[in-house]
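Undergrad: I have a structure here, written as structure tokens, and I will follow up with some questions on it.
There are 2 protein chains.
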Amino acid sequence: MEATQDTELLRAGEVEAFPAAGLARVAGQPVVLSVREFNLLVALLRRAGQVVSRQELYAAVWGGELRRDDRSVDVYVHKLRVKLGAELPGRHLIHTHFGFGYRV
Amino acid sequence: MEATQDTELLRAGEVEAFPAAGLARVAGQPVVLSVREFNLLVALLRRAGQVVSRQELYAAVWGGELRRDDRSVDVYVHKLRVKLGAELPGRHLIHTHFGFGYRV
DNA sequence: CCGGTCGTTCACGCGCGGTTCACCAGCCGG
DNA sequence: CCGGCTGGTGAACCGCGCGTGAACGACCGG
Chain G
3 MEATQDTELL RAGEVEAFPA AGLARVAGQP VVLSVREFNL LVALLRRAGQ VVSRQELYAA
63 VWGGELRRDD RSVDVYVHKL RVKLGAELPG RHLIHTHFGF GYRV
Chain W
3 MEATQDTELL RAGEVEAFPA AGLARVAGQP VVLSVREFNL LVALLRRAGQ VVSRQELYAA
63 VWGGELRRDD RSVDVYVHKL RVKLGAELPG RHLIHTHFGF GYRV
């Protein structure tokens, strides 16, 4: 059976993700992401256009409370920027809101 | 997906398969595959561009549930890569999505 | 019987991903 | 201008997912 109904598509500009399929594409090209990277991208895309705090991102991807000195979110935002940016050089795909969080 | 006619042609890039005829070709050249190998290729091609989990591949080719320590899918993906790659050296025909599955 | 193919499983180890640390750059208030 | 805080980035470390070769038995045609 071909699943056409539950294939939710998240999109922000040239970035899109299919949560059910575990697949992300940038400018139409499939991008290979790890589990953490993919879930983080989904969490950001689910709130496209809004600023999402590190606490919220951590809760959505890792689960639980973000420890005060935990840099996991920053590290994975960086990894995402590298992988997504490879397809669209020179474009800011994930924006930093100093003191608040990130936004796609 | 409903019933497929027996003239069905599956294609992804330079890889194509005729499920009814049990025939596969890479870059126009016929490739000799065993039954398991062929069915696995068909299962992958039926969802070309998507990430297919090991569980789904196992259910489609072997039938039933994939045991937690069963490496059958991995082994046959490797065999497929060897046979298909012989015609197109240096090309990645089957992509690994770490922690998710495979994609053609 | 015997040799070859196919499917399954095992064993080894490489490389990837996840976590954390360390250092630097940039922003901000005093 | 300066010092503290926030974020960027590279890298070390380690566990495990995965790639890979091979052994083994079942099956089959000769």
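Residue numbers (the numbering used here), protein chains in the order written: chain G, 3 to 106; chain W, 3 to 106.
Note that CB positions come from ideal geometry on N, CA and C, so glycine has one too.
#1: Rounded to a whole number of angstroms, what is the C-alpha to C-alpha distance between Leu86/W and Phe100/W?
#2: For Ala22/G versus Thr9/G, is the C-beta distance shorter than 8 angstroms?
#3: Whose C-alpha, out of Pro32/W, Gly65/W, Gly30/W and Gln31/W, is nearest the C-alpha of Leu42/W?
#4: I believe Val34/G touches His97/W by the beta-carbon criterion, under 8 angstroms. Please report the beta-carbon distance rounded to the nearest angstrom.
#5: By Cβ distance below 6 angstroms, which residues in the same chain neighbour Val53/W in space, the five residues on each side in sequence not counted?
#6: Can you give me the start and stop residues for the alpha helix (DSSP H) that Leu25/W sits inside?
#7: To the nearest angstrom, how far is it from the Cα of Glu89/G to the Cα of Glu16/G?
#8: Taking only the alpha-carbon atoms, compute the straight-line gap between Arg69/W and Pro91/G and give it to the nearest angstrom.
#9: Could you tell me the distance, in whole angstroms, from the CA atom of Ala14/W to the CA atom of Leu82/G?
#10: Are the CB atoms of Leu11/G and Val44/G within a distance shorter than 8 angstroms?
#11: What in chain G is Cβ-close to Gln52/W, meaning under 8 angstroms?
#12: Name the one or two DSSP bridge partners that Tyr104/W has.
#13: Which residues share a DSSP beta bridge with Pro32/W?
#14: Taking 8 angstroms as the threshold (beta carbon to beta carbon), is His99/W in contact with chain G?
#15: Are the beta-carbon atoms of Arg49/G and Tyr78/G separated by less than 8 angstroms?
#16: Considering only the beta carbon of each residue, do Val75/G and Tyr60/G sit closer than 8 angstroms?
#17: Nearest CA to the CA of Asp72/W: which residue from Arg56/W, His80/W and Ala62/W?
TA: The short version:
#1: 21 angstroms
#2: Result yes, Cβ atoms of Ala22/G and Thr9/G sit closer than 8 angstroms.
#3: Gly65/W
#4: 7 angstroms
#5: So the list reads His99, Phe102, Gly103 and Arg105, once near-sequence residues are dropped.
#6: Careful: Leu25/W lies outside any alpha helix (DSSP H), inside the beta strand (DSSP E) at Leu25 to Val28.
#7: Cα to Cα, Glu89/G sits roughly 10 angstroms from Glu16/G.
#8: 42 angstroms
#9: 27 angstroms
#10: no
#11: Here the neighbours are Phe20, Ala23 and Leu25.
#12: Val54/W and Thr98/W
#13: For Pro32/W, the beta-bridge partners assigned by DSSP are Arg27/W.
#14: yes
#15: In this structure, Tyr78/G does not lie closer than 8 angstroms to Arg49/G by Cβ.
#16: yes
#17: Arg56/W
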